[in-house]
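K.L.:
Shown below is the structure under consideration.
Numbering (my numbering), first residue to last: 825 to 1060.
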C-alpha cells in the first residue's frame, strides 16, 4: 500500500502552506491548482504541483490527481480541501483504516449535531444523506465531506458522468452500486468565517445540478435490478 494526499485548490492560498507543512513526514502531497489567480506557489520535497491555466472545477482537479497519483505508483489517495475544513491530524486515522480495509472507501464523518454548524450546511448534508440511502439502500453519516481515502484501483473502474460539486456524491452512489464497501471514521468539524466564506458552491446552479443528478440516480435505482445498476456503475 502506498498512500498520497490530494489537495485541489482554487484561490485558497492563505492556509494551503500550513496544511501541506502539517502532513505527516514522508507523505506525498499532490496539489492541484485549479486556475488560481495568482498561481499557487507551494513547495517541498514531497510536494507535487499540477496546474490548470483555467478553472475546471473540483471534479476535474480530483480526476487529474487520481491519474497523476496512479502514474507515480500510489495505490490510495486521501482527498483534502484547501480551505482549512480538514485537519491534517486526522490523516493517520485514514491511513490506519485503509490498511485494515484496503479495498474500501474511507469516509470522514463530521458531527452535524454540533451547535456551530451553519443551518444551511446541516440541511444540505442531511438532504444528501437522505437521497444516498434511497439510491443505494446504505447509510452514510456524511456524504458531503471531501475528506476521504480512495483505493485507486477501485475508483478507476467506475463510470462517472457528473462533474463539479456533485462528482463526489455520484462517486459514492456508483461505488455502492458496484459493490465497493465503505468505512466511516469521525473527523473534527471545522467551520469558521474563512472556511464558510471561501466556499465556491453556487447555491442556484449547483443545487440544480445536485437535484438533476439525484433524480436520475433515484429513478435508476427504483426501476432497475441490482445487476443492471452494477453494469451502469462500471466502465464498459
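Each residue gets a CB set at the ideal place from its N, CA and C atoms; glycine is no exception.
Enumerate in chain order the residues of its own chain whose CB-to-CB distance from residue 1053 is below 6 Å, with the five nearest sequence positions on each side excluded.
P.N.:
As a first step, residue 1053 is located in the chain shown; it is residue number 229 there, counting from the start. Within the same chain, residue 1053 has close Cβ partners 1001.
K.L.:
So, is residue 1045 buried or exposed, given that buried needs 16 or more other C-beta atoms within 10 angstroms?
P.N.:
Looking up residue 1045 in the chain shown gives position 221. By the neighbour-count rule (16 or more Cβ atoms within 10 Å), residue 1045 is buried.
K.L.:
Just to check my reading of the structure: residue 882 and residue 832 have Cβ atoms closer than 8 Å, yes? What is that Cβ distance to the nearest angstrom?
P.N.:
Sequence index remark: in the chain shown, residue 882 carries index 58 (1-based). Sequence index remark: in the chain shown, residue 832 carries index 8 (1-based). Indeed they touch by this definition, with Cβ atoms about 5 Å apart.
K.L.:
Buried or exposed: which applies to residue 980, given that a residue is buried once 16 or more other Cβ atoms fall within 10 Å of its Cβ?
P.N.:
Within the chain shown, numbered from 1, the residue matching residue 980 stands at position 156. By the 10 Å Cβ count, residue 980 comes out exposed.
K.L.:
Residue 862: which of 893, 834, 1004 sits nearest, CA to CA?
P.N.:
Taking the chain shown and counting its residues from 1, one reaches residue 862 at position 38. With distances taken between Cα atoms, residue 862 lies closest to 834.
K.L.:
Do residue 855 and residue 886 have their CB atoms nearer than 9 Å?
P.N.:
On the chain shown, position 31 is the one that residue 855 refers to. On the chain shown, position 62 is the one that residue 886 refers to. No; because the gap between Cβ atoms is not below 9 Å, this pair is not in contact.
K.L.:
Alpha carbon to alpha carbon, how far is residue 909 from residue 937?
P.N.:
Position 85 of the chain shown, counted from the first residue, corresponds to residue 909. Position 113 of the chain shown, counted from the first residue, corresponds to residue 937. C-alpha separation (whole angstroms): 16 Å.
K.L.:
Which whole-angstrom value describes the C-beta separation of residue 960 and residue 997, a residue pair presumed to lie in contact below a C-beta threshold of 8 Å?
P.N.:
Position 136 of the chain shown, counted from the first residue, corresponds to residue 960. Position 173 of the chain shown, counted from the first residue, corresponds to residue 997. About 6 Å separates the two Cβ atoms, so the contact holds.
K.L.:
Let me know the secondary structure DSSP gives residue 894 once reduced to three states.
P.N.:
For the purposes of this step, residue 894 is taken as the residue at position 70 of the chain shown. Three-state DSSP puts residue 894 in a helix.
K.L.:
Is there contact between the stretch 1007-1016 and the stretch 913-923, where contact requires at least three CB pairs shorter than 8 Å?
P.N.:
yes
K.L.:
For the stretch 837-850 and the stretch 949-965, state whether three or more C-beta atom pairs, one from each stretch, are separated by less than 8 Å.
P.N.:
No, the stretch 837-850 does not touch the stretch 949-965.
K.L.:
Relative to the C-alpha of residue 1003, which candidate in 871, 928, 896, 844 has its C-alpha closest?
P.N.:
Your numbering for residue 1003 matches position 179 in the chain shown. Closest by alpha carbon: 928.
K.L.:
Label residue 967 either buried or exposed according to how many other C-beta atoms from any shown protein chain fall within 10 Å of its C-beta, with 16 as the threshold for buried.
P.N.:
Reading the chain shown from its first residue, position 143 is the one you call residue 967. By the neighbour-count rule (16 or more Cβ atoms within 10 Å), residue 967 is buried.
K.L.:
Where does residue 844 sit, in a helix, a strand or coil, going by DSSP?
P.N.:
The sequence position of residue 844 within the chain shown is 20, counting from 1. Of the three classes helix, strand and coil, the one that applies to residue 844 here is helix, per DSSP.
K.L.:
So, helix, strand or coil for residue 830, using DSSP?
P.N.:
For the purposes of this step, residue 830 is taken as residue 6 along the chain shown, with counting starting at 1. In this structure, residue 830 counts as strand in the three-state DSSP scheme.
K.L.:
Name the DSSP beta bridge partners of residue 930, please?
P.N.:
Position 106 of the chain shown, counted from the first residue, corresponds to residue 930. DSSP lists 973, 1007 as the bridge partner or partners of residue 930.
K.L.:
Pick from 1005, 901, 976, 1035: whose alpha carbon is nearest that of residue 852?
P.N.:
Numbered from its first residue, the chain shown carries residue 852 at position 28. Residue 901 is the option with its Cα nearest to residue 852.
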